[in-house]
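Numbering (this note's numbering), first residue to last: 1068 to 1774.
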């Protein structure tokens, strides 16, 4: 039995998390009094809209307004000067940026304000002078222990107070989703998308510039104060900058382990995709790879559009299920076919329905109906037929969930159909996904259905895409480091003896990889043809010759395969030593197998992003790689391998033997452990590894070190 030493590496990761605590406090969440600085009667401007939303949202505390030009604002007596205010708990600032620091200092120092929401823009997102103003505000808030949302945000929306200036205001209830956004405008558009689907919310956080309270800080608060009986179990995130990846990873993972589900969009991840890089790994790895790896490690479902995010959120509100077999009940053939195609493409199944149960169902439907799956009850099918089909699917053992597509051409009202659908959703053990596409022609019926607490997936392909993202997202990784087989003291000694930055020598590459027990093909590097010939005789022909010096050997003709004699080796040696930049020639025993790749690149704040996939020239041509964040567990390594599009090749196809998957996973894990303890390694590229059913062997590798 293999003995594995494990340590909880997050003790290291989170040591810095709490040096600057995000001061989310009672005054921010449940203020007994609120003042709007810049509140007005013009509801078409932010100052007036905030007051309107607070009043229409039923805020039960004391609401105060400061406006030097108005005596009364929306029925509330206004203060002309903030110095006239009595003590107040929360201040919402909707004035020009240049006035905000003075207001914050006055209110914190003299009026005991301990929470601020700054709607105003014109800070660090625009100019250096704006950044100076923002820092002044942050310094005051830190000095007085104040919570700070913003600046440059739409506000905070909770069941206690609607401190936002925008619409729509979604239906709020404790079982709705918590939504945290780094962009106010995007938050509004996401809310628009969600409201049309019937997705309910518990809270909406627009953090703006996030100088004190960012997306990670809100997750931290929700994690540390999580109440499984009363808090929302669904979190949706829109992120433009991950300031503290460790904090996000730790608290997202913790929330998911407590039973929550999290989905996120990370925008702005592609800017580094065009950076010049000197290795295969460097050319592929980017900040987007780091985000992908972080989300996979945490168990966050990654989304790429507003529609996808809100669709995933709606799926999260339905009962959980683990199966992949779907029944489709429809009265329109085309959408059923498109949904079947999309589910199948995503790795899910729409199994054919046969046998006595299928025949019995067909006998209860209209003539011409199909029960093959999709179950087509025809355009003339009614509420009774829909109920019969759903009941039949509920009794079928090989069906895990039911999708119902039902719209209208506008000829009849379908309240009865949606009433049956409502009852079946309540009665059935299996999840039912309502796909009601006629949001215009059957608008009143759909709205009535949503008011009963349901969601609607109006587009079947978007639903299937979102389900695919959920299904392929792994569970959160264990917070442990696999140390078995890795010689950390020897590794530290090797790294400490490197004096200069740059690519290390082939001999040192072998020594570093051997610290992780990664097997390498027998090789010799030399400037002597006699030494290389003797080595070739010893290991046995055929051999491979490679130039030493140029980074991309193939590009300069620096690789010769299947050399079978001393004479050919001599000729290749002479040729390669003439290549510009050549310092020596490497000879290896030639071995055969499937070409694999594993590499890693250090990303600032994230750590090492480990990549794996098919090797050789396919790495950059196909870019079929999977990413993970070091250190990796065996579960993560297997998940990375299985997520490759080329996994069928690795598994074995058309009579070909598959590779030793366990050995490949072991190399990925050991490399990730090695990197966790050698942050000086900025890029590592093992390409190719040659794999067969017995073993996986590294043939070529390069390591870039920064001292």
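Glycine included, every Cβ here is placed at the ideal spot set by N, Cα and C.
Residue 1315 sits in a helix when the DSSP states are folded into three classes. An exposed status is given to residue 1439, since fewer than 16 other beta-carbon atoms sit within 10 Å of its beta-carbon. The beta carbons of residue 1247 and residue 1217 sit no closer together than 8 angstroms.
By the CB criterion at 8 angstroms, residue 1140 and residue 1132 fall inside the cutoff. A straight-line Cα-Cα distance of about 11 angstroms links residue 1715 and residue 1726.
By the beta-carbon neighbour count (other beta carbons within 10 angstroms, threshold 16), residue 1605 is exposed.
For a cut-off of 8 angstroms, the C-beta gap from residue 1450 to residue 1471 is around 12 angstroms, too long to register as a contact. Residues 1544, 1695 of the same chain have their beta carbon placed closer than 6 angstroms to that of residue 1703, with the five preceding and five following residues left out of the count.
The residue from 1330, 1511, 1181 with its alpha-carbon nearest to that of residue 1096 is 1181. Judged by DSSP in its simplified three-state form, residue 1369 adopts strand.
In this structure, residue 1524 lies near residue 1501, with their beta-carbon atoms less than 8 angstroms apart. Around the CB of residue 1252, fewer than 16 other CB atoms lie within 10 Å, so the residue is classed as exposed. Around the C-beta of residue 1407, 16 or more other C-beta atoms lie within 10 Å, and the residue is accordingly described as buried.
Going by C-alpha positions, residue 1554 is about 41 angstroms away from residue 1303. Residue burial is scored here from C-beta neighbours: residue 1746 has fewer than 16 other C-beta atoms within 10 angstroms and is therefore classed as exposed. Residue nearest to residue 1608 within the set 1679, 1458, 1633 is 1633 (criterion: CA-CA distance). The DSSP assignment places 1685–1689, 1701–1709, 1714–1718 as complete runs of the alpha helix (DSSP H) inside the stretch 1669–1731, in order along the chain (cut-off: 4 residues).
Here the C-alpha atom of residue 1530 lies approximately 44 angstroms from the C-alpha atom of residue 1208.
For the 8 angstroms CB-CB criterion, residue 1711 and residue 1728 do not form a contact. The shortest C-alpha to C-alpha distance from residue 1433 to any of 1093, 1424, 1448 is the one to 1448.
Taking the C-beta atoms as reference points, residue 1160 is found nearer than 8 angstroms to residue 1183. Around the beta carbon of residue 1688, a 10 Å sphere encloses fewer than 16 other beta carbons of the protein chains shown; the residue is thus reported as exposed. Residue 1741 and residue 1754 have their C-alpha atoms roughly 17 angstroms apart.
Residue pairing for residue 1569: DSSP places it in a beta bridge opposite 1772. Closest option to residue 1414, judged by alpha-carbon separation, among 1327, 1533, 1458, 1546: 1533. Shown here, residue 1401 sits in a helix according to DSSP, grouped into three states. Counted as a single uninterrupted DSSP element, the alpha helix (DSSP H) harbouring residue 1529 occupies residues 1527–1538. Boundaries of the alpha helix (DSSP H) around residue 1556: 1555–1563.
In the same chain as residue 1189, and ignoring 5 residues on each side of it, the C-beta atoms closer than 6 angstroms to its own belong to 1164, 1197, in chain order.
Assignment of residue 1501 by DSSP, reduced to helix, strand and coil, places it in the strand class. Collapsing the DSSP output to three states places residue 1171 in a helix. Under the criterion of beta carbons closer than 8 angstroms, residue 1356 and residue 1678 qualify as touching, at roughly 7 angstroms. For residue 1428, the enclosing alpha helix (DSSP H) starts and ends at 1423–1431. Exclusion of the five residues before and after residue 1639 leaves 1612, 1627, 1630 as the residues of its chain whose Cβ lies within less than 7 angstroms of its Cβ. DSSP places residue 1330 in the uninterrupted beta strand (DSSP E) bounded by 1328–1333. Each of 1522, 1503, 1601 was checked against the Cα of residue 1265, and the nearest Cα belongs to 1522.
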